[in-house]
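>
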Amino acid sequence: VEFAVDMTCNNCVDKVQKTLGELKGIESVDVSLERGTVVLQTDLPYSIIQEKIESTGKRAVLKGYG
């Protein structure tokens, strides 16, 4: 699953990583400040991931699923 996420600093990256790390069912997470993306492997519905990312105050747009 890949999301475009509006992140401006490493603090943003840390918040997103910490928040997603609290979820069970995520195999791997790659948060890139340079690309403004969050790529993860999970069996969870993308809507749950998007909601978690947006709970950090960042807008998340689904780029790819599957």
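Numbering of the sequence shown is given in full-length UniProt numbering, commencing with residue 1 and proceeding in unit increments.
Built from N, CA and C at the ideal position, the CB exists for glycine as well.
(1) Can you give me the C-alpha to C-alpha distance between Leu62 and Gln50, rounded to a whole angstrom?
(2) Take the Cβ of Ile48 as the centre, count every other Cβ of all protein chains shown within 10 Å, and call the residue buried at 16 or more, exposed below.
(3) Nearest by alpha-carbon distance to Leu33: which of Gln17, Leu40, Lys18 and Val13 is it?
(4) Identify the continuous alpha helix (DSSP H) that holds Asp30 and give its terminal residues.
(5) Decide if Lys18 is buried, meaning its Cβ has at least 16 other Cβ atoms within 10 Å, or exposed.
In short, the structure shows the following:
(1) Rounded to whole angstroms, Leu62 to Gln50 spans 8 Å at the Cα level.
(2) Burial call: exposed.
(3) Closest by alpha carbon: Val13.
(4) First-last for Asp30: Ile26 to Ser32, but that is the beta strand (DSSP E), not the alpha helix (DSSP H).
(5) Result: exposed.
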